[in-house]
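Each protein sequence line maps, in turn, to chains A and B. Following our numbering, the numbering of the first sequence begins with 1 at its first residue and continues without gaps. Following our numbering, the numbering of the second sequence begins with 113 at its first residue and continues without gaps.
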Amino acid sequence: GQQVMQIPQYQHVQEGEDFTTYCNSSTTLSNIQWYKQRPGGHPVFLIQLVKSGEVKKQKRLTFQFGEAKKNSSLHITATQTTDVGTYFCAGDRMDSNYQLIWGAGTKLIIKP
Amino acid sequence: KAGVTQTPRYLIKTRGQQVTLSCSPISGHRSVSWYQQTPGQGLQFLFEYFSETQRNKGNFPGRFSGRQFSNSRSEMNVSTLELGDSALYLCASSLVGRGEQYFGPGTRLTVT
Chain A
1 GQQVMQIPQY QHVQEGEDFT TYCNSSTTLS NIQWYKQRPG GHPVFLIQLV KSGEVKKQKR
61 LTFQFGEAKK NSSLHITATQ TTDVGTYFCA GDRMDSNYQL IWGAGTKLII KP
Chain B
113 KAGVTQTPRY LIKTRGQQVT LSCSPISGHR SVSWYQQTPG QGLQFLFEYF SETQRNKGNF
173 PGRFSGRQFS NSRSEMNVST LELGDSALYL CASSLVGRGE QYFGPGTRLT VT
């Protein structure tokens, strides 16, 4: 079936450490989107990647789209408490019918 | 411009009852998608409407239904509520179904 696998499910980091979440699709994606959901909030769009091998940066966040357009990653450098939340990827499969395929999300937890 | 609005924000119902949730998309957006989110779970896709037509449906029982009006506002209905239907119900609007999704704050439904 249509799947976008996202790992890890949880990541505990000390403030200041880096964080990475990965998404992998079994088929080629036309684009991939990333969202952040703060605790108690709703998902908020972060970015969309379209081109093979694309890398985009937003301050401490780096987004990559694989050469084969089947995988993507989000890397946060030097995490801060404001980064806490769940990060979701959503892939637009070329053969899907107007439907995004969502990853299960990675929850970023800052250790006290 | 105004964001996506959902009403009501909170709802408590009893098993066996039915419920209707409403979503008003961003002006000009013709696509509305609905998602169910339970604690610690990702976004489970319910259905997507575009110009009053259901284009996609997720793997939910027939108790879950929806519709979209000519002004793009959408409603979803859950009949014969079960305890497992307790969740946050999110709607998202976009210009086209697979584009950037703008989420509303959600309706938190509790079934007792």
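The C-beta atom is built at its ideal place from N, Cα and C for all residues, glycine as well. Keep in mind that this is a model prediction, so the values were computed, not measured.
Residue contact with chain B for Gly85 of chain A: absent (no Cβ-Cβ distance below 8 Å to any residue of chain B).
With a cutoff of 8 Å on beta-carbon distance, Thr106 of chain A and Gln48 of chain A are scored as not near each other. Chain order gives the chain A residues near Leu202 of chain B as His42, where near means a beta carbon separation below 7 Å.
Counting every other CB atom within 10 Å of its CB across the protein chains shown gives Val190 of chain B a total of 16 or more, marking it as buried. The DSSP assignment places 10 to 13 and 19 to 25 as complete runs of the beta strand (DSSP E) inside the stretch 8 to 32 of chain A, in order along the chain (cut-off: 3 residues). A contact is defined here as three or more CB-CB pairs under 8 Å, and the stretch 209 to 223 of chain B meets this definition with respect to the stretch 118 to 135 of chain B. With respect to the 8 Å criterion, Tyr22 of chain A and Ile7 of chain A are classified as neighbours on the basis of their beta carbons. Against Trp102 of chain A, the close residues of chain B are Tyr147, Gly154, Leu155, Gln156 and Phe157, in the order they occur along the chain (beta-carbon pairs closer than 9 Å). Counting of Cβ neighbours within 10 angstroms places Tyr122 of chain B among the exposed residues, the total staying below 16. DSSP places Leu200 of chain B inside the beta strand (DSSP E), whose first and last residues are Ala199 to Ser206.
By a beta-carbon distance limit of 8 Å, Gly85 of chain A does not contact Ser25 of chain A. Their separation comes to about 23 Å. In the DSSP assignment, Ser136 of chain B falls within the beta strand (DSSP E) that extends over Val131 to Ser136. For Lys125 of chain B, the enclosing beta strand (DSSP E) stretches over residues Tyr122 to Lys125.
Gly53 of chain A has a beta carbon lying at 8 Å or more from every beta carbon in chain B.
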